[in-house]
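Numbering (UniProt numbering), first residue to last: 1 to 232.
Glycine is no exception: its CB is placed at the ideal position from the N, C-alpha and C atoms.
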Amino acid sequence: MLEVKQINQFYGGSHILRDVSFTAQIGACSVVLGRNGVGKTTFLKCLMGILPIKSGEILLNGKDISKMSPEQRVRAGMAYVPQGRDIFSTLTVEENILIGMAKFSGAKTKKVPSHLYEIFPVLDEMKHRRGGDLSGGQQQQLAIARALASEPSVLILDEPTEGIQPSIIKDIGRVIRKLADNGDMAIVLVEQFYDFAEEIADHYTVMSRGQVVAEGLGADMPAKGIKDLVAI
């Protein structure tokens, strides 16, 4: 599991994250909600070591990873799908996925695991096409497949529905739900689309002004009025 204990992060003189605590369990989808600019993406970048924390702890399976580099965190079992996807547009779909396997060695790094193409059949059909030739929704699927190629125990997703057509949003939702239900991965999802978040959340955390202001079970989100709390 991933456990965050009272982390703080500053940008210049601004206190961006304020004593944020958070837990993501294996076999569950933990959704982080909040209006724009409340620190959600900063929080995810701190989890991955892209941004340093000023104080607090980030624990992965009980081990403090707060000082690890992003590469070390990937090797420890974390994977990150950033907002905007960041796929390599001039590389093929297959080459993009193989990059996600960089932490491995030997023959394992030479071939895309078949189960990734089973999860996203469209990528199998387009594996020899350049990433830049794919639609936005297809690129998002590619970004998730690339992250899954590292066989993570924690998958972190930053607004995977942004700019995606509704049919592919449903496909991505089904994949996230299945990955959580498999019971060998914790999923941390930052999401602006409330209805999507409510549908797949096992647990929710709401942030405001860099702080956690509400948290609970996903099933309780409608009764707790979370949609009104995060409405723009």
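Check: Sequence-distant residues of the same chain with beta carbon closer than 8 Å to CYS46, five excluded per side; Outcome: ILE7, GLN9, LEU17, PRO52, ILE53 and ILE58
Check: DSSP beta-bridge partners of CYS46; Outcome: Paired residue(s): none; CYS46 is not in a bridge.
Check: Start-to-end residues for the beta strand (DSSP E) that takes in GLY5; Outcome: Strictly speaking, residue 5 in this sequence is Lys, with Gly absent from that position. Counting along the chain, the beta strand (DSSP E) containing LYS5 begins and ends at 2–11.
Check: Helix, strand or coil at LYS63 [DSSP, three-state]; Outcome: strand
Check: ASP171 at chain D interface by Cβ criterion, 8 Å; Outcome: Annotation note: the requested chain D is absent from the structure, which comprises a single protein chain.
Check: Inter-residue Cα distance where the pair is TYR11 and GLY131; Outcome: 33 Å
Check: Where the beta strand (DSSP E) through ILE187 begins and ends; Outcome: 186–190
Check: Reduced DSSP category for GLY216 - H, G, I as helix; E, B as strand; rest coil; Outcome: strand
Check: 8 Å CB neighbourhood of SER55 in its chain, flanking five on each side removed; Outcome: GLN6, ILE7 and ASN8
Check: Supposed close pair residue 278, LEU148 - CB separation, criterion 8 Å; Outcome: Residue 278 is absent from the model: the chain starts at 1 and stops at 232.
Check: Short Cβ contact (8 Å threshold) for LYS127 with THR90; Outcome: no
Check: Selected residue, minimal CA-CA separation from SER153, among HIS15, ASP19, PHE193 and GLN25; Outcome: GLN25
Check: Backbone secondary structure at ILE101 - three-state DSSP; Outcome: Note on residue identity: the sequence assigns Met, not Ile, to residue 101. MET101 falls in the coil class under three-state DSSP.
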